Structure formats: C-alpha cells, structure tokens
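Residue numbers (the working numbering), protein chains in the order written: chain A, 1 to 346; chain B, 347 to 633. Here is the structure we will look at.
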Amino acid sequence: MNLSRPLGLIAALLALTTLYALPTFAPRAMVQDLFGILTLLVLAMNWNMLAGFAGLVSVGQQAFVGIGAYAMFAAVILMGLDPLVGVLIGGLAAAAFAVPMAFFAFRLNGAYFAIGTWVVADIARLAISQWKALGGGTGTSLPKGTAKDMAFVGPIKEALGVSTAAAADALTFWLMLTLAVAMLATSYVFLRSRMGLGLQAIRDNENAARSVGVDPLRIKAAVFVLAGFVTGLCGALAFIQITRVTPDAAFSVIDWTAFVIFITVIGGIGTLPGPIVGVIVFYALQRLLADYGTVYLIVLGCLGIAVMLFARRGLWGLFTDRSGIDPFPLTHRPPTSLALRHGDLK
Amino acid sequence: MIWIDTLAQGLLLGGLYALFAAGLSLVFGIMRLVNLAHGDLIILGAYLILTIAHATGLHPFVAVLLAAPLMFGLGWALQTFLLNRVLGNDILPPLLVTFGLSVVIQNGLLSAFTADSQKLTAGAIEAQSMDLGIVTLGVMPVLTFASAVAVVFALNQLFYRTALGRAFRATSDDAVTAQLMGIHPQRVFAMATGIAMVVATIAALYLGTRANFDPSIGPARLLYAFEAVIIGGLGSLWGTLAGGVVIGLAQAIGASVNPEWQILSGHLAFVLVLLIRPRGLFPRAND
C-alpha cells in the first residue's frame, strides 16, 4: 500500500481549508494577490488540458477571456443583470464562440493550429473594438455601485465586518478558488475516465487510437469547447475585480496566454499538478524581479526554452521521475489475470 | 477611379507581406518548423539596420548589406544550437521554444531601445512617386513589390537550380534517405534558417523605411506572414507571393471603407479563403 496518497490528500485538504478561510483574517492586498494567482492557475489548467492532453496548442486563449469579460460587461451595463449572472453568460458566450472557432481552426493541423487560433483571437479583439455601446476601442467601466449590489456581498460584508469592496473581493476570491478546485477535480476524474484515456491515446498516437475506435475529432472538439467555457468564466470573474475593460487588456496575448503557457511548461505540461507548481514559480519570479521591469519576462521566456530543451515534463515531471512519488497518477494499473479469468473486461 | 488606386495600393502592400512571409514559407517547406518568433526577428532586423545606420552614418539601403550577414549568422546559430535540438515528431517543443524566443526578443528590444517608435530614414526616395496615367504610385511601395518578386524568384532559382537547393528539396522530402546520400539535415536546416533571416532583413528594411516600428509589433507581422503562407498553399513560394497580395488587397479595400477595418478585413479574407479552399490557392506539399 502506498502511503504517499493519503498523506498528500491530507496536506491538500489542510491547504484548501486555509485558502477558503483566508479572507477572514488576511489583509485585502493578499486576497487580491491570490485572486490573480488563482486566475492564472485556472487558465493554465485549461491550457494544459488543450496542449498537454488533447495536443491542441492554442495561442488564442485570450479570445475566451476577452469574450467572457465583454459578455459579462454587456450583461451588467446593457441588460442590468447581476455580475454573477454575467459571469455565467460570459462562460456560455465563450463556449458559443469556441464552436465556430473549432470548426475553423481544426482545419489547420499541428503547428498551424497555434497561429490559426491566434488569428481568430485577433479577429474577436478587432470586432469587439467596433462595439460602440461598450466603449469601442477605448473600453468601458462597470457602473458605480455594481460591487455593492452584487448578490451575496451584503451578507458577507456583515459577517466579516469589512468594507463593501473587501467583501466583493472575498466573494470573487471564493468563486475563483472554487473554480480552480472544481477544474482540478474534474480534470482528474475526466482524465481517468474512458474519454480521458481516449484523449491521451490520441495525443500519443492518433492512428493507433483510431484503430481501437476512438473518435479524435469528437473528443478534441468537446475538450476545446469545454476549455473555452471555463476560460470564459474565469475571464469574466477576473474582470469583475478589475472593473474596467478595454479590447487590448481583455484580449492581451501576453497576460492571458503567454504567461499561462510559461506557467504550464515550467511546472510540467501534460501533468495535473504542473500548472500549480508553475504558478508558484511564476509568482515567486514576479516578486523577485518586480523592480527590474521587463527582465522577468525575459527570464520567464528563457526558463520556458530551457525546460523544453532539458526537461520536457517540467519541474513536476523532474520531481516524479527522481522521487518516484506521484500523488495524482493518471496511469491505469494493468488488469490482473484474475480479473481476466472472471471475464470482468468483456 | 479611386477603386483602381485602392487596388494598386493593396497589390503593392501585398509585396511587403510576401517579404514577411517568404522566410516563414521557406523554413516551413524544408523542415516543417513554424517559427513563432519570425515577426520579432524581422523587428530585430529593423533595429539592427537602424543601429548600423546610426553608428556608421550609412544609408539604410547600404546598412542592410552589413546587417544581412549578421542576421544570417544569427539564423544559422539559432538553428544549430537551439532549434535543431527540438525538431522531431512532437510539434510542441519547437512551438514553445520559438514562442519563448518571441517573448525574449520582444522584451530584450524593449529594454535596449525603449518603447519609442523608430523609423529608418531613406531620404528623398520616401516621398517620391511616379505617375502612370491612371494611378500614381509611390516609389517605395513599387520598390518593395519588385523586391518581393525578386526574392521569390531568387529563392526559386536557389531551390531548383543549385546543389544547396537540391539538398533542401531532398531533406524536405525524406530526411533519412537524404542522410544516406551524404547530406547532413542539421546543416541544411541551419543554412535554410540563415537564408530565411536574410529575407527577413530585406523585409525589415522596407518595414522600417515605410512606417514606424517599435518592439511590440512583431506578432502582428507574424500573423500577416502566416496568413500569406497559408493562403498561398504550403510549400509554394509563388503561392506565398499571391497570398501576400490577397491580404494586401483585402486590407486596402477594408481600409478604404473604414480605416478601422483594415486589419480585420485581412483576417477575414484569410478565414474566407481557408473555408473555401482548405489547402490554400496553390498547394504543393502534402501536409
């Protein structure tokens, strides 16, 4: 029996409880910082599903963040809905956009898929810059008092005894944390399921996967649209906290895709904990090099290149290879001969 | 008559995009490598010409002769020491390495040259034009287009008339068999990337003399170049020129309706072509 799994589970539960309790005792700046980290984590987990497991190297994730954010702003400003409803609309709008995007980008195989998605994201940015009701190219802000009127903010404010702004921060933080946990749990269950196994089989050898009855197009399209949905939710939620949206900020390839790619690659692409490790390294680097301007982007780029050259499964891959410990195994144990004899695998 | 003018300007703009794309097309044709840093390397070339022109007082058209061998060396070194190590069946490593390179070059340029806009000054030629009766064309755009045609012609000659070109084609068709014939694929790749960087330097010359540039505009050039390659069809250099012209025309027509629509119409033309002809206008390669 392997002891590392229950121990890892207990450590994870402890960390999670601390994180959920954070807004009750930590200063607001820390909650906001962690919110930013969690945003990147959710984005990285989604990109990891696409690039690391489905073999879809998208450089167009900013399309979903931007569309999610703009749909949320439209819901609040044009329809007068609650921002939280807006977040859901944002996710749905991003998923709806992912369908034609997949139809188009899936025609481009391999490496060209990457630039194809980038082009589509640029189309989305330019098209939304024409949306005059939401400020066109200069963008717009959430109306004053939006945070105060948001559902659950009042009760949180009273329970914690903090300002409205801090209560809104706590709420968005909890939602983002929940999204991250849900994403992690769903990924784990999905990847160990029949469909997830098929997905990894496609990544490793598409022809072999086809020959045993896996339909690559269907699974890839499903993953692409689902990742679009979650990325849209995440983008909309992030922009509730930012409160101001412009096409350049919402569709920024650096903020929403480049960082996310480096985080995943450094942490370990194609591994579940990779994005978590990567986001911690990213945050540490950002803190360490904060005074040197663009240097940290250069360091990040060089680190990404170094990982691809010397350790393709990233830091987490190095760790599991060296230590032999893997708390989140995605491999299936081969069936025992007993199970075969009983006909369990018919 | 304004329409003829718009079409002529679009055609000439297409020449610039074809120059952006020719290097990308060459590298992809030979080693199936998509270089996400191609746009940033063009901008790097523009800064190199600028630095040489400033330091020596040379005209940009002369400075480019000094910049081109340096860029060739850079391309050769990049391929030999970095990209050759990640080429293989897995498309992920080369993509991520060139993406990392793109971010490194962009921010390196930003710290070295700041975000200020720069321009290569070519003197009186910038403002000269020629009157053809129906339309009046700028000398610089005509020169750009002529250079694009010359570059594509020269690359085709290289490809089909020289020993190096034969090595290019052989490696592209079957690297393993080419190796049996005494060709070193890795050296061939390094030459190809070096030549692609020379073409990128020529593109940088026209980019820098026609308009302002700053460290952040590389990725947009990559997108135009990529669209031209795909529209033209993979593996065809004349197709790449045609693809550049399609993007140039679409942008000029879009801009004549509403200046804000310039880039958007180029992208939409790309999507449209791809929906109608998934393999581009003149496909040659089979993948």
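Just so you know, even glycine gets a beta-carbon here, dropped at the ideal spot from N, CA and C. What you are looking at is a predicted structure, and each value in this text was computed from that prediction instead of being measured.
Going by DSSP, what residue range makes up the beta strand (DSSP E) through residue i?
i	result
B/LEU370	Run containing B/LEU370: none in the beta strand (DSSP E); it sits in the alpha helix (DSSP H), 348–377.
B/THR482	482–484
B/ASP477	475–477
If you draw a straight line from the C-alpha of residue i to the C-alpha of residue j, how long is it?
i	j	result
B/LEU387	B/SER448	8 Å
B/ASP436	A/ILE263	20 Å
A/LEU56	A/GLN62	15 Å
B/GLN525	B/ILE576	29 Å
A/GLY198	A/LEU217	11 Å
B/VAL544	B/PHE572	18 Å
A/ILE115	B/VAL603	27 Å
B/GLY600	B/GLY612	8 Å
A/ILE156	A/VAL162	8 Å
A/TRP131	A/ALA209	44 Å
A/MET49	A/GLY270	8 Å
B/SER518	A/ALA54	27 Å
B/ARG378	A/VAL225	28 Å
A/VAL87	A/ALA249	18 Å
A/PHE282	B/VAL481	55 Å
B/TYR506	B/GLN474	37 Å
A/ILE280	A/ILE37	8 Å
B/ALA615	B/ASP560	26 Å
B/GLY375	A/SER58	22 Å
A/PHE319	B/VAL617	43 Å
B/ALA461	A/GLY213	53 Å
B/ASN574	A/LEU43	Residue identity differs from the one stated: residue 574 of chain B is Ala in this sequence, not Asn. The alpha-carbon atoms of B/ALA574 and A/LEU43 are separated by roughly 31 Å.
Taking Cβ positions only, does residue i come closer than 8 Å to chain A?
i	result
B/PRO629	no
B/ASN435	no
B/GLU573	yes
B/PHE616	yes
B/GLY626	no
B/PRO605	no
B/ASN430	no
B/PRO701	With chain B represented from 347 up to 633, any question about residue 701 of chain B goes unanswered, as that position is not in the structure.
B/VAL619	no
Should residue i go down as buried or exposed, given a rule of 16 or more other Cβ atoms within 10 Å for buried?
i	result
A/MET30	exposed
A/ARG244	exposed
A/LYS220	buried
B/PRO439	buried
B/HIS530	exposed
B/ASP477	exposed
A/TRP316	buried
A/ASN46	buried
Closer than 8 Å, CB to CB, is residue i near chain B or not?
i	result
A/ASP248	no
A/VAL65	no
A/LEU19	no
A/ARG371	Because chain A here runs from 1 to 346, residue 371 of chain A falls outside it and cannot be looked at.
A/GLN32	no
A/TRP118	yes
A/ASP204	no
A/TYR112	yes
A/GLN130	yes
Return yes when the Cβ of residue j is within less than 8 Å of the Cβ of residue i, no when it is not.
i	j	result
B/LEU362	B/THR490	yes
A/PHE97	A/LEU134	no
B/GLY564	B/PHE628	no
A/LEU40	A/VAL260	yes
B/THR639	B/ALA414	It is not possible to answer for residue 639 of chain B, since the shown part of chain B is limited to 347 through 633.
A/ALA95	A/PHE229	yes
A/VAL223	A/VAL265	no
B/THR555	B/LEU466	yes
B/GLY620	A/ARG125	According to the sequence provided, residue 620 of chain B is Leu. The question's Gly does not apply to it. For B/LEU620 and A/ARG125, no; Cβs fall outside 8 Å.
B/ASP406	B/ILE395	For the sequence presented, residue 406 of chain B should be read as Pro rather than Asp. Yes, the Cβ-Cβ distance between B/PRO406 and B/ILE395 is below 8 Å.
B/ALA598	B/GLN355	yes
B/GLY454	A/ILE298	yes
A/GLY235	A/VAL65	yes
A/LEU16	A/VAL189	no
In terms of residue numbering, what span does the alpha helix (DSSP H) encompassing residue i cover?
i	result
A/ASP169	164–192
A/ALA94	83–105
B/ARG556	531–556
A/ASP122	111–128
B/GLU573	564–578
A/PRO247	247–250
B/GLN597	583–603
B/MET417	406–424
B/PHE559	Here B/PHE559 belongs to no alpha helix (DSSP H), and DSSP marks it neither H nor E.
A/TRP316	314–323
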